[in-house]
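Count along the sequence shown from 1, then add 41; that gives the number in the working numbering. All C-beta atoms in this analysis are idealised placements derived from N, C-alpha and C, irrespective of residue type, glycine included.
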Amino acid sequence: MFKDCVTPRFGNIDGLKHVNNTVVADWFEMGRNGIFRYFTPDLDLSYEKWKLIMVRTEFDFVSQMYYGTDVEIRTYVLSIGNSSFTTGHEAWQDGELKAKGKAVIVHYDFVEKKSEPIPDKIRENLIRHLRNEEDIGKP
């Protein structure tokens, strides 16, 4: 599992004085950087080097998050297919689960415009971060 710490910024707060729900997508994307590095170690976003495309994402907002307290983003792998994998994400603040989500990502060749099998070495790295869905939301 990857863990990252995010400090909510003033601009992340909405009129109800809590973290706006649109911010969570950015935080979860940032949390995937460790996984992205398995495919593109330098995170070079050039068309020829980037090897991933997101095909689905979902979020559940469990409880409100507030300005003034850091948020821990947890990222892990839920499943691995031939050319795709699913990541799981959690946002924790003050020891409580505040949001969770999933993203389906495909190993993709942008030049050829087609999916590709996940290489064995990368698959081994992804397996190290596998987590069962029933463990989501547990400290």
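Just to confirm the assignment, what range does the alpha helix (DSSP H) spanning residue i have?
| i | result |
| --- | --- |
| Asp161 | 161-168 |
| Arg78 | 74-80 |
For residue i, report the span of its beta strand (DSSP E) as first-last.
| i | result |
| --- | --- |
| Gly142 | 137-150 |
| Leu93 | 93-102 |
| Leu119 | 112-121 |
| Gln134 | 125-134 |
| Val47 | 43-47 |
Return yes when the Cβ of residue j is within less than 9 Å of the Cβ of residue i, no when it is not.
| i | j | result |
| --- | --- | --- |
| Thr116 | Pro49 | no |
| Phe102 | Val47 | no |
| Gly75 | Phe43 | yes |
Assuming residue i and residue j make a contact with CB atoms under 8 Å, what is their CB distance in whole Å?
| i | j | result |
| --- | --- | --- |
| Ala144 | Thr128 | 5 Å |
| Leu167 | Ile121 | 5 Å |
| Pro158 | Ser124 | 5 Å |
Looking only at its own chain, which residues have a Cβ that is under 6 Å from the Cβ of residue i, when we skip the five neighbours before and after it?
| i | result |
| --- | --- |
| Met171 | In the sequence under discussion, the amino acid at residue 171 is Leu, which differs from the Met named in the question. Contacts found: Val118. |
| Trp68 | Val47, Ile114 |
| Ser156 | Ser124, Val147, Tyr149 |
In chain order, what residues of the same chain lie with their CB nearer than 7 Å to the CB of residue i, ignoring the 5 residues before and after it?
| i | result |
| --- | --- |
| Lys90 | Thr81 |
| Glu99 | Gly142, Lys143 |
| Phe77 | Leu84, Leu93 |
| Ile163 | Tyr79, Phe80 |
Of the choices the options, whose alpha-carbon is the least far from that of residue i?
| i | options | result |
| --- | --- | --- |
| Val96 | Tyr79, Val147, Val112, Gly72 | Val147 |
| Thr63 | Asp150, Asn53, Val152, Gly72 | Asn53 |
| Arg73 | Asn61, Ser104, Phe51, Ala132 | Ala132 |
| Tyr107 | His130, Glu137, Phe126, Tyr88 | Glu137 |
| Ile177 | His59, Asn61, His130 | His130 |
| Thr71 | Val112, Asp55, Phe51 | The residue you asked about is not Thr; residue 71 is Met in the sequence shown. The option with the nearest alpha carbon to Met71 is Val112. |
| Phe151 | His59, Val60, Tyr88, Glu174 | Tyr88 |
| Phe126 | Lys154, Pro160, Gln134, His59 | Pro160 |
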